[in-house]
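Asks: Have a look at this one before I ask anything.
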Amino acid sequence: NAGVTQTPKFRVLKTGQSMTLLCAQDMNHEYMYWYRQDPGMGLRLIHYSVGEGTTAKGEVPDGYNVSRLKKQNFLLGLESAAPSQTSVYFCASSYGGSGSFGTQYFGPGTRLLVL
Amino acid sequence: AQSVSQHNHHVILSEAASLELGCNYSYGGTVNLFWYVQYPGQHLQLLLKYFSGDPLVKGIKGFEAEFIKSKFSFNLRKPSVQWSDTAEYFCAVNARQAGTALIFGKGTTLSVSS
Numbered sequence: 001n002a003g004v005t006q007t008p009k010f011r012v013l014k015t016g017q018s019m020t021l022l023c024a025q026d027m028n029h030e031y032m033y034w035y036r037q038d039p040g041m042g043l044r045l046i047h048y049s050v051g052e053g054t055t056a057k058g059e060v061p062d063g064y065n066v067s068r069l070k071k072q073n074f075l076l077g078l079e080s081a082a083p084s085q086t087s088v089y090f091c092a093s094s095y096g097g098s099g100s101f102g103t104q105y106f107g108p109g110t111r112l113l114v115l
Numbered sequence: 001a002q003s004v005s006q007h008n009h010h011v012i013l014s015e016a017a018s019l020e021l022g023c024n025y026s027y028g029g030t031v032n033l034f035w036y037v038q039y040p041g042q043h044l045q046l047l048l049k050y051f052s053g054d055p056l057v058k059g060i061k062g063f064e065a066e067f068i069k070s071k072f073s074f075n076l077r078k079p080s081v082q083w084s085d086t087a088e089y090f091c092a093v094n095a096r097q098a099g100t101a102l103i104f105g106k107g108t109t110l111s112v113s114s
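Residue numbers (this note's numbering), protein chains in the order written: chain D, 1 to 115; chain P, 1 to 114.
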């Protein structure tokens, strides 16, 4: 099993450009998450999904959109990138939402630089 | 609102020293507790977790953590650290009644010198 994979690994954008980050998992997990990691801030939840076709906002959703058209994929979109979105983005998935099923498994991350 | 506090931002130890990283959370209900580790340039890996039962949980690589409900704490310990333990450590809490959100602390960087 590859677990959780993310593409691309690294990207440089200019302010105002758009892009989509792809997350894929092969563990048949229902729940998927997008986080951003910034120095001294830990990880903050952007959006999450509790199943195919569903999405919900996390702690810091502004400027991002997501889609979960297939159970194994969770896309994170930036419609108009801003320098404040320079960060490392991590995708995670879990079988369920709580208890032992809620253990989240993380992807390798995407490093995004917005100039 | 739920929050997680990690007391130490950066800890520097020599090999073979003992380690204790503090983690406190604010939530009055039932919680699931996690410690994740991020080695340099790598993604987060689960170190250990607590859901119920014995409050002393053992994880990978000789790490353990103790859940003290009265203190809202879940401190991470290791009797003797190695150079390869150099990493960033994150405590995280999931409040069962609050849905799926996993709240992370800001992380503690551990540097171990050989």
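Beta carbons are placed, not taken as given, at the ideal position from N, Cα and C, and that holds for glycine.
Being a predicted model, the structure only gives us computed values, none of them experimental.
Kindly say whether proline 108 (chain D), judged by its beta-carbon, lies nearer than 8 Å to any beta-carbon of chain C.
Replies: Protein chains in the displayed structure are D and P, and chain C is not among them.
Asks: Do you know how far the Cα of leucine 113 (chain D) is from the Cα of proline 79 (chain P)?
Replies: Spanning the two alpha carbons is a distance of roughly 39 Å.
Asks: Does the stretch 87–97 of chain P come close enough to the stretch 33–41 of chain P that 3 or more CB-CB pairs lie under 8 Å?
Replies: Flag = yes, the stretch 33–41 of chain P and the stretch 87–97 of chain P touch.
Asks: At what residues does the beta strand (DSSP E) containing histidine 47 (chain D) begin and finish?
Replies: Element bounds for histidine 47 (chain D): 42–49.
Asks: In the structure shown, what three-state DSSP assignment does aspartate 54 (chain P) receive?
Replies: Reduced to three states, the DSSP call for aspartate 54 (chain P) is coil.
Asks: Taking only beta-carbon atoms, is leucine 21 (chain D) less than 8 Å away from chain P?
Replies: Not an interface residue.
Asks: Classify serine 18 (chain P) as helix, strand or coil using the three-state DSSP reduction.
Replies: Coil.
Asks: Report yes if the C-beta distance between alanine 65 (chain P) and phenylalanine 51 (chain P) is below 8 Å; otherwise report no.
Replies: Contact: no.
Asks: I believe glutamate 20 (chain P) touches tryptophan 83 (chain P) by the beta-carbon criterion, under 8 Å. Please report the beta-carbon distance rounded to the nearest angstrom.
Replies: Going by Cβ atoms, the distance from glutamate 20 (chain P) to tryptophan 83 (chain P) rounds to 18 Å, so no, they are not a contact pair.
Asks: Using only alpha-carbon positions, find the residue among D:Glu59, D:Thr54, D:Leu78 and D:Phe74 that is nearest to asparagine 65 (chain D).
Replies: The option with the nearest alpha carbon to asparagine 65 (chain D) is D:Leu78.
Asks: Taking its Cβ as the centre, do 16 or more other Cβ atoms sit within 10 Å of glycine 53 (chain P), making it buried, or is it exposed?
Replies: Exposed, by the Cβ-count rule.
Asks: Opposite histidine 10 (chain P) in the DSSP bridges: which residues?
Replies: In DSSP, histidine 10 (chain P) forms a bridge with P:Thr109.
Asks: Phenylalanine 72 (chain P) to glycine 16 (chain D), Cα distance in whole Å?
Replies: Whole-angstrom Cα-Cα distance: 44 Å.
Asks: Sort P:Val11, P:Phe34 and P:Phe104 by Cα distance to phenylalanine 67 (chain P) and report the nearest one.
Replies: Ranking the options by Cα distance to phenylalanine 67 (chain P), first place goes to P:Phe34.
Asks: Restricting to Cα atoms, I'd like to know which of D:Tyr95, D:Gly109, D:Arg111 and D:Thr103 is closest to tyrosine 31 (chain D).
Replies: It is D:Tyr95.
Asks: When the distance is taken between beta carbons, is histidine 43 (chain P) closer than 8 Å to threonine 109 (chain P)?
Replies: It is not a contact, given that the beta carbons lie outside the stated cut-off.
Asks: Cysteine 23 (chain D): which of D:Thr54, D:Thr103 and D:Tyr89 sits nearest, CA to CA?
Replies: Taking only the C-alpha atoms, the option nearest cysteine 23 (chain D) is D:Tyr89.
Asks: How many whole angstroms separate the CB atoms of valine 4 (chain D) and glycine 107 (chain D), which I take to be in contact at a CB cut-off of 8 Å?
Replies: Going by Cβ atoms, the distance from valine 4 (chain D) to glycine 107 (chain D) rounds to 4 Å, so yes, they are a contact pair.
Asks: Since glycine 68 (chain D) and threonine 54 (chain D) are thought to touch, with beta carbons under 8 Å apart, how far apart are those beta carbons, to the nearest angstrom?
Replies: Going by the sequence as given, residue 68 (chain D) is arginine instead of glycine. That pair is a contact at about 6 Å.
Asks: Please list the terminal residues of the continuous beta strand (DSSP E) segment that includes arginine 36 (chain D).
Replies: 31–38 is the span of the beta strand (DSSP E), which, as asked, contains arginine 36 (chain D).
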